[in-house]
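The listed protein sequences derive, respectively, from chains A and B. Using my numbering, the letters of the first sequence correspond one by one to residues 46 to 163. Using my numbering, the letters of the second sequence correspond one by one to residues 235 to 734. The beta-carbon is built from N, C-alpha and C at its ideal position, and this holds for glycine as well. Structure first, then comments.
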Amino acid sequence: MNKKIMVTDDDTAIVDALKQILESDGYEVETSTSGNPIARIRKYCPDLLLLDIWMSGQDGRDICKELKSHKETKNIPIIMVSANKDTKKISEEAGADDYIEKPFGIDQLLEMVKKYIK
Amino acid sequence: MGGKVTKDLSVDNLLNDIKYAQDIIDTVREPFLVLDAKFRVVTANPAFYRTFKVTKEQTEKKLVYKLGNHQWDIPELRVLLENILPKKKVFNDFEVTHEFQTIGQKIMLLNARQIDHSQLILLAIEDITKGKQLDKLRASYDKRFQALIEKSLDAVALVTIKGKVTYASPSTENVIGYTVEEFQKLSNPFKLAPPDDRKYVTKIFEKLIKKPGSNECAIYRVTHKKGHQIWIESVMTNLLSDPDVGAIVINYRDVSKRKELETQKNDFIGIASHELKTPVTSIKAYTQLLQRQFKLYGDKKASENLANMDTQLNKLSSLINDLLDVTKIETGKMAFNYTLFDFDTLVANTVGQVQIISENHKIIINSKIDKHIFADRERIGLVLTNLLTNAVKYSPDAKKVNVHISEKDNNVVMSVQDFGIGIPRGELGKVFERFFRVKGSTGDTYPGLGLGLYISAEIIKRHSGKMWLKSKFNKGSTFYFTIPIKLKPDRGGIKMNKNE
């Protein structure tokens, strides 16, 4: 069975590009571009979550903290994605497993994904 | 000669006295007249003739009031003169202003007295026209400078070496809300600044008082009497050893408006560059996706084109990053992520990356130091990238770039040498300024925002290092920087900007 990745970002273009890239590498991808994604994440149970820090209306940091504080979701690896230069600091504070700065290269992204999905 | 000695001596004495008196009369630069009891002129000195442009014939034996078209016929003078002989009076410094036909307006001080044991009056006339004019001029200058200081929007304060305010200009109240008296009662002129700012400006003040004649500029916050904070720009000049001033002169103004605009500008660039990054991210992702797809289908040309597009997108995103970095420098928000790393490896990796995109140049690393340093690896890498890409960019006709690493006084010393267009001597000082771009011999500029070296110099400065260059126009440039070799953070943590 294919590994599942959830992509959350309010920018539909990025979500679409990421979906194509990840699918072409054989992953199953679920996306979320608006609203609170927590319920969907719980339901979908991804093997990895790519989480944008600044989703309109939603703060990626809060989502990350909440997921990391619940037994059933705390083991989902979370990679924070942002155009913010302080992504590293922000993701550490939120308890994310890793971070990647926008704009990123495909290879860089796929390498990082591989690190968390074996 | 024998028996006639006594008589001869007395005649000699008399003759000597007359000659002596005549000499005085002739040499005294002030005009005077000797009048008899009826106020006729007995004699006048050469200075009188000179000053009033009259001759002996026009003057001697004439009634003083009739001289020069009755110009001395002044009622007060009559009263004064007529009282001298009968009442044995003296008058001093009687000021007279008179419009002479020949010589124009004169202001004079008249002094008169009876000449000892004679019925003669000595009337001395001091021409003070020039002095009066100078006084008037000086007064108007003083008034003008006074007005400049007092009406100026800038406030001025004079301060002693101990920080006591001895003078405050009226604009004090316009700038900080406190009256001159209230301001002078403060124990020092920086009392109104919040603690951090006070510390900063006091340090500058202390530096200033050590160097006579020097000046310093400081921008800091101050709490206005009404309670809000304002930004003050101060220019302080050490005039302690100037005998006319003997104080520190502080000239300051409210620059809150300017600061606000700067903040708006920085916020705008910050938001704009963040917003620009989002579409760049998706364009970059799609480009790479397409590149993979074409590669898969075997369309080599399209795949190459997309690779080139990706390179251009990297340039675009590094320009956006430069803009973001500049706003971070200016708002004091540039954060550093210190780690311990091997310097040689970073240089080798960075040279490798720049070499890939620099086909015409061979970048040669000439030495190694085998040292670890504690610094922000990514940002030092950015400095190296900037220096290397500049070296390549500004030496279009050269074939190589030399990289040299050495150690001196517990510092890493790094240099990047090119054989390109160089920088004219007059522009050397501007190289690290924001938006500076050197022009080639044809006057053309090279592409770029002119931010790379500004950012690089700031990064090195924040690592307590130094950055400088040597350059010869049309021969090439060598850029140097140093970073202290440290294996752990400074005591008390890493020096962070107060805004972080």
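Among residues of its own chain, excluding the 5 on either side of residue i, which ones have a beta-carbon nearer than 6 Å to its beta-carbon?
{"i": "B/Pro-265", "result": "Ala-281, Phe-282, Thr-285, Ile-359"}
{"i": "A/Leu-67", "result": "Ile-50, Val-74"}
{"i": "A/Tyr-161", "result": "Leu-93, Pro-122"}
{"i": "B/Thr-293", "result": "Val-275, Ala-278"}
{"i": "B/Asp-488", "result": "Val-409, Ile-464"}
{"i": "B/Lys-529", "result": "Ser-537"}
{"i": "B/Ser-207", "result": "Outside the shown range of chain B, which is 235 to 734, sits residue 207 of chain B, and nothing can be said about it."}
{"i": "B/Phe-669", "result": "Gly-684"}
Quick check on residue i - is its C-beta less than 9 Å from some C-beta in chain B?
{"i": "A/Gly-150", "result": "yes"}
{"i": "A/Lys-147", "result": "yes"}
{"i": "A/Ser-79", "result": "no"}
{"i": "A/Lys-163", "result": "no"}
{"i": "A/Ala-128", "result": "yes"}
{"i": "A/Ser-69", "result": "yes"}
{"i": "A/Asp-104", "result": "no"}
{"i": "A/Lys-160", "result": "no"}
{"i": "A/Leu-63", "result": "yes"}
Tell me the rounded alpha-carbon separation between residue i and residue j.
{"i": "B/Lys-567", "j": "B/Lys-704", "result": "31 Å"}
{"i": "B/Lys-709", "j": "B/Ser-629", "result": "9 Å"}
{"i": "B/Lys-238", "j": "B/Asn-247", "result": "Because the pLDDT at B/Lys-238 is just 48, under 50, the model does not fix this residue reliably, and the point stays unresolved."}
{"i": "B/Lys-627", "j": "B/Ser-592", "result": "9 Å"}
{"i": "B/Gly-654", "j": "B/Lys-562", "result": "32 Å"}
{"i": "B/Lys-493", "j": "B/Trp-465", "result": "7 Å"}
{"i": "A/Ala-58", "j": "A/Ser-69", "result": "17 Å"}
{"i": "B/Gln-619", "j": "B/Glu-440", "result": "At residue 619 of chain B the sequence reads Thr, which differs from the Gln that was named. The alpha-carbon atoms of B/Thr-619 and B/Glu-440 are separated by roughly 39 Å."}
{"i": "B/Ala-402", "j": "B/Gly-663", "result": "37 Å"}
{"i": "B/Ser-244", "j": "B/Asp-251", "result": "10 Å"}
{"i": "B/Gly-431", "j": "B/His-462", "result": "The question names Gly, but residue 431 of chain B in the sequence shown is Asp. Straight-line Cα distance between these residues: approximately 15 Å."}
{"i": "B/Asp-260", "j": "B/Leu-357", "result": "15 Å"}
{"i": "B/Lys-460", "j": "B/Lys-396", "result": "27 Å"}
{"i": "A/Gly-150", "j": "A/His-115", "result": "32 Å"}
{"i": "B/Lys-518", "j": "A/Pro-148", "result": "7 Å"}
{"i": "B/Leu-424", "j": "B/Lys-377", "result": "First, the residue type needs correcting, since residue 424 of chain B is Phe and not Leu in the sequence shown. So the two alpha carbons sit approximately 30 Å from each other."}
{"i": "B/Ile-190", "j": "B/Asn-345", "result": "Residue 190 of chain B lies beyond the range of chain B shown here (235 to 734); nothing can be said about it."}
Check each candidate in the options and name the one with the smallest Cα separation from residue i.
{"i": "B/Ala-481", "options": "B/Thr-400, B/Ala-536, B/Lys-419", "result": "B/Thr-400"}
{"i": "A/Cys-78", "options": "A/Glu-146, A/Thr-53, A/Asp-104, A/Leu-112", "result": "Sequence check: residue 78 of chain A is Thr here, not Cys. Nearest C-alpha to A/Thr-78: A/Thr-53."}
{"i": "B/Glu-559", "options": "B/Arg-347, B/Lys-706, B/Ala-389, B/Ile-503", "result": "Looking at the sequence itself, residue 559 of chain B is Asp, so the reference to Glu does not match. Comparing Cα positions, the closest option is B/Ile-503."}
{"i": "B/Ser-421", "options": "B/Glu-467, B/Asp-544, B/Lys-398", "result": "B/Lys-398"}
{"i": "B/Lys-392", "options": "B/Asp-476, B/Lys-511, B/Gly-532, B/Leu-683", "result": "According to the sequence as given, residue 392 of chain B is Leu; it is not Lys. Nearest C-alpha to B/Leu-392: B/Asp-476."}
{"i": "B/Ser-468", "options": "B/Leu-387, B/Glu-538, B/Leu-269", "result": "B/Leu-387"}
{"i": "A/Glu-146", "options": "B/Ala-381, B/Thr-497, B/Asn-555", "result": "B/Asn-555"}
{"i": "B/Phe-328", "options": "B/Ile-362, B/Gly-302, B/His-304", "result": "B/Ile-362"}
{"i": "B/Thr-679", "options": "B/Ile-657, B/Asp-257, B/Asn-326", "result": "B/Ile-657"}
{"i": "B/His-458", "options": "B/Phe-417, B/Ser-711, B/Pro-320, B/His-351", "result": "B/Phe-417"}
{"i": "B/His-638", "options": "B/Ala-582, B/Leu-495, B/Glu-333, B/Ala-255", "result": "B/Ala-582"}
{"i": "B/Gly-682", "options": "B/Phe-325, B/Leu-557, B/Lys-340", "result": "B/Leu-557"}
{"i": "B/Phe-666", "options": "B/Ser-649, B/Phe-713, B/Val-650, B/Asp-652", "result": "B/Phe-713"}
{"i": "B/Asn-303", "options": "B/Gly-699, B/Glu-333, B/His-595, B/Gln-353", "result": "B/Glu-333"}
{"i": "B/Lys-549", "options": "B/Gln-525, B/Val-588, B/Ala-569", "result": "B/Val-588"}
{"i": "B/Ala-506", "options": "B/Val-390, B/Lys-445, B/Leu-553, B/Glu-692", "result": "B/Leu-553"}
Please decide whether residue i counts as near chain A, where near means a Cβ-Cβ distance under 9 Å.
{"i": "B/Lys-518", "result": "yes"}
{"i": "B/Pro-513", "result": "yes"}
{"i": "B/Asn-500", "result": "no"}
{"i": "B/Asn-733", "result": "Any reading at B/Asn-733 is ruled out, since the residue's pLDDT is 38, under 50, leaving its predicted position unreliable."}
{"i": "B/Arg-696", "result": "no"}
{"i": "B/Asp-610", "result": "no"}
{"i": "B/Tyr-571", "result": "In the sequence under discussion, the amino acid at residue 571 of chain B is Asn, which differs from the Tyr named in the question. So yes, B/Asn-571 belongs to the interface."}
{"i": "B/Asn-555", "result": "yes"}
{"i": "B/His-508", "result": "yes"}
{"i": "B/Ser-537", "result": "no"}
{"i": "B/Ile-728", "result": "Here B/Ile-728 scores only 45 on pLDDT, less than 50, and its place in the model is too uncertain to base an answer on."}
{"i": "B/Lys-549", "result": "no"}
Short of 8 Å in beta carbon distance, which residues of its chain neighbour residue i, apart from the five on each side in sequence? Order them along the chain.
{"i": "B/Asn-733", "result": "Because B/Asn-733 carries a pLDDT of 38, less than 50, the predicted location of this residue cannot be relied on, and no value is offered for it."}
{"i": "A/Asn-81", "result": "Gln-103, Ile-108"}
{"i": "B/Thr-521", "result": "Leu-540, Met-543, Asp-544, Leu-547"}
{"i": "A/Arg-87", "result": "Glu-117, Thr-118"}
Counting only the same chain and skipping the five closest in sequence on each side, list residues whose C-beta sits under 7 Å from that of residue i.
{"i": "A/Asp-56", "result": "none"}
{"i": "B/Ala-427", "result": "Val-435, Tyr-454, Arg-455, Val-456"}
{"i": "B/Leu-297", "result": "Phe-273, Arg-274"}
{"i": "B/Lys-287", "result": "Thr-336, Ile-337"}
{"i": "B/Ser-640", "result": "Ser-601, Ile-603, Val-647"}
{"i": "A/Ile-98", "result": "Gly-105, Arg-106, Met-125, Ser-127, Asn-129, Thr-132, Ile-135"}
Can residue i be considered in contact with the ligand FMN, in the sense that its beta carbon sits closer than 8 Å to one or more heavy atoms?
{"i": "B/Gly-615", "result": "Among the components modelled here there is no ligand, and therefore nothing to report on the ligand FMN."}
Find the residues of chain E that neighbour residue i, judging by a C-beta separation of less than 9 Å, and give them in chain order.
{"i": "B/Arg-526", "result": "The structure shown contains no chain E; its protein chains are A and B."}
Segments assigned beta strand (DSSP E), at least 3 residues, entirely inside the segment 262-307 of chain B: DSSP runs (the beta strand (DSSP E)) wholly in the segment 262-307 of chain B: 266-269, 275-278.
field: Contained alpha helix (DSSP H) runs [length at least 4] in the segment 398-469 of chain B, N- to C-terminal order
entry: Taken in chain order, the complete alpha helix (DSSP H) segments of 4 or more residues contained in the segment 398-469 of chain B are 406-410, 414-419, 429-443.
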